[in-house]
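Counted from 1, the sequence shown has number 224 at position 146 by our numbering; the numbering is strictly sequential.
Every residue, glycine too, gets a C-beta built ideally from N, C-alpha and C.
Being a predicted model, the structure only gives us computed values, none of them experimental.
Heads up, the thing below is written out as structure tokens.
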Amino acid sequence: MIDVVMPQMGESIVEGTLTKWLKKPGETVGRDEPLFEISTDKVDTEIPSPVAGVLAEVLIEEGKTVGINTVVARINDGASAPAAAPVAAAAPATPPPAPVAEADGSPEPVATVVEETAGPLSPLVRKMARENNIDLSQVKGTGAGNRITKQDLETYLGSKTAAPQQRQAEAPAPPPPPPAPVAAPPPPQAEPPAPPAPPRAVATIPQTVDVPSPPRVGEAPGTRVEPMSMMRQSIAKHMVFSKQTSAHVTTVHKVDFTKVAKARDKAKGNVQAQYGFSLTFLPFVLKATCVALRQFPILNASIDGTNIIYYRDINLGIAVALENGLIVPVVRNADEKSVIGLQRSIADLAARARSRHLRPEEVQGGTFSVTNFGSFGSVFATPVINQPQVAILGVGTVEKQPVVIDDAIAIRSIAYLALTFDHRLIDGALADQFTGKIKSVLENWSEEIS
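Structural data, given as structure tokens:
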């Protein structure tokens, strides 16, 4: 029997969610054939079978989140006797060793990790604690060695949410008001009492009308409720975290793509015939962006506390729209590639992203991101910064427009570039100079594309 484990999906990932089994027990599976799908904070992907054989048993059900190196299934590869499996299954499990923290606080890889458990220094626990303002000293750990697990944090958050409602429900009802005192009878009068004064008008206070509270969205008629996918949850957390972290400002520049359009029209037929992929406007934008990043390296950076981290390499993240979300694979050393080389990388990463065949390292290490919302017809938008980067460039659709040139009307290919930048580090003047450099390269395009 061969153990199949939850793979290590990047150095900062300590767990993954098994979202779907692609094979059932008893079915044959080939070596490197997709066996199951997983989802992490970084990527959704298919995991291939390590060997050829028959899927003997599935140990982790769909939707379960487990630590890296956890055994999720076993495959009978024919090299071991089938009778050995029940004996091994009946043997008592040995408790897995606790991860050992290195000096920098990251857990050292171990043979097995307790299910859904992460040490107090793990990125998962720290991230959840930071996003929810949790003091970890107030959380009781139930993992091995009293370690704090993901479930411990979820239980703690649930108890905090339920406590106010429980206290309100258990609070004693206020005592009823005391009865009004009964007036004593008037003393006998020596003289007949004076006639009573005419009654004064008294305003009538209307009784409070009980207005029923509106139903929750999930209870309203004609609605349907379904849980978010793991990828959608990850995107939501990442976007909110970015907004909470960076001071977002967006500047928009109108760019004349006429010279780029002519170069593209001249070459796209040969590119399709020779390389088998289309030539779009995006690689031209990436090439110009690399030129600008070399001139303004502060946009190829990130913030660490009060320090600025400048990156030597230019690794461009390219946003790819998926059927159920968004992912940002990375073109590494983009400044060393030609327009054709950039287009080849874009086509390859986008195709493998949509077929769920990206490797974890291919969505990590980006230093600057570009999103091409113009491919869906959008003129311009205000993109959200991809943390921990400090800027992202949005590219609008290229369309022909009448413009005034030397007091004459001309038809030009126009698009809008929107740069969202982190105002903690980058000021508006610098952002405009950076975008202006991209604009200048594109409007005066003269480079060969190969």
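Practice item. Note down the Cα distance separating Leu235 from Ile381, rounded to an integer number of angstroms. Key: 30 Å
Check your understanding: Thinking just about the alpha-carbon of each residue, which of Leu503, Lys415, Phe335, Tyr389 is nearest to the one in Val481?
Key -> Phe335
Exercise for review: Could you tell me if Thr220 is buried or exposed, where buried requires 16 or more neighbouring beta carbons within 10 angstroms of its beta carbon?
Suggested key: With fewer than 16 Cβ atoms within 10 Å of its Cβ, Thr220 is classed as exposed.
Check your understanding: Quick one: what's got a C-beta closer than 6 Å to Thr95's C-beta in the same chain, skipping five residues either side?
Key -> Ser117, Thr143, Met308
Review point. Beta-carbon separation of Val107 and Lys101 under 7 Å?
Key: yes
Practice item. Might you give, ordered along the chain, the residues of its own chain that have their beta carbon closer than 7 Å to the beta carbon of Glu135, omitting 5 neighbours on each side? Key: Only residues of its own chain outside the window of five on either side were considered, and among them Pro103, Ala151, Arg152 have a CB closer than 7 Å to the CB of Glu135, listed in chain order.
Practice item. Give the straight-line distance between the Cα atoms of Ser416 and Asn402, rounded to the nearest whole angstrom. Key: 32 Å
**Study point:** Thr513 beta carbon less than 7 Å from that of Ile470
**Key:** no
Point to revise | Reduced DSSP secondary structure (H/G/I, E/B, other) of Ile483 | key: strand
Review point. Quick one: is Glu93 buried, meaning 16 or more other Cβ sit within 10 Å of its Cβ, or exposed?
Key: buried
Review point. Using the rule of at least 16 other Cβ atoms within 10 Å of the residue's Cβ for burial, across every protein chain shown, is Asp500 buried or exposed?
Key: By the neighbour-count rule (16 or more Cβ atoms within 10 Å), Asp500 is buried.
Review point. So, is Met306 buried or exposed, given that buried needs 16 or more other C-beta atoms within 10 angstroms?
Key: exposed
Point to revise | Helix, strand or coil at Gln467 according to DSSP, with G and I counted as helix | key: In the three-state reduction of the DSSP assignment, Gln467 falls in the strand class.
**Study point:** Closest Cα partner of Val473 within the set Lys315, Phe359, Ala351
**Key:** When each option's Cα is compared against that of Val473, the closest is Phe359.
**Study point:** Leu508 - DSSP class collapsed to helix/strand/coil
**Key:** helix
Review point. What residue ranges within the stretch 302 to 365 form continuous alpha helix (DSSP H) runs of no fewer than 4 residues, ordered along the chain?
Key: Taking only runs of at least 4 residues, the alpha helix (DSSP H) segments lying wholly in the stretch 302 to 365 are 308 to 323, 336 to 353.
Practice item. Could you tell me which of Thr449, Val82, His326, Glu439 sits nearest to Ile504, measuring between CA atoms? Key: Taking Ile504 as reference, the option from Thr449, Val82, His326, Glu439 with the minimal CA-CA separation is His326.
Review point. Going by other Cβ atoms of all chains shown within 10 Å of its Cβ, with 16 needed for buried, is Lys365 buried or exposed?
Key: buried
Check your understanding: Who does Arg152 pair with in a DSSP beta bridge?
Key -> Asp81, Glu135
Practice item. Starting from Ile418, trace the alpha helix (DSSP H) both ways and give me its first and last residue. Key: 417 to 432
**Study point:** Whole-Å CB distance - Thr123 paired with Arg410, under 8 Å assumed
**Key:** About 18 Å separates the two Cβ atoms, so there is no contact after all.
Check your understanding: So, using beta-carbon positions, are Leu520 and Val303 closer together than 7 Å?
Key -> no
Practice item. Check Lys438 in the structure and name its three-state DSSP category. Key: Position check: residue 438 holds Pro in this sequence, whereas Lys was assumed. If DSSP states are grouped into helix, strand and coil, Pro438 belongs with the helices.
Review point. DSSP state of Glu194, grouped into three classes?
Key: Here the model assigns Glu194 a pLDDT of 38, short of 50, so the residue's position is not dependable, and the following value carries that caveat. If DSSP states are grouped into helix, strand and coil, Glu194 belongs with coil.
Review point. Residues in its own chain within less than 8 Å of Glu140 by CB, not counting five upstream and five downstream?
Key: Leu96, Thr97, Lys98, Trp99
Exercise for review: Check each candidate in Arg502, Pro128, Tyr494 and name the one with the smallest Cα separation from Lys517.
Suggested key: Tyr494
Point to revise | DSSP-derived helix/strand/coil call for Arg502 | key: DSSP, reduced to helix, strand and coil, places Arg502 outside both helices and strands of the structure shown, so it counts as coil.
Practice item. Could you tell me if Glu440 is buried or exposed, where buried requires 16 or more neighbouring beta carbons within 10 angstroms of its beta carbon? Key: buried
Point to revise | Whole-Å CB distance - Pro361 paired with Ile424, under 8 Å assumed | key: 6 Å
Review point. Which residues in the same chain have their Cβ closer than 6 Å to the Cβ of Leu508, if we skip the five residues on either side of it in sequence?
Key: none
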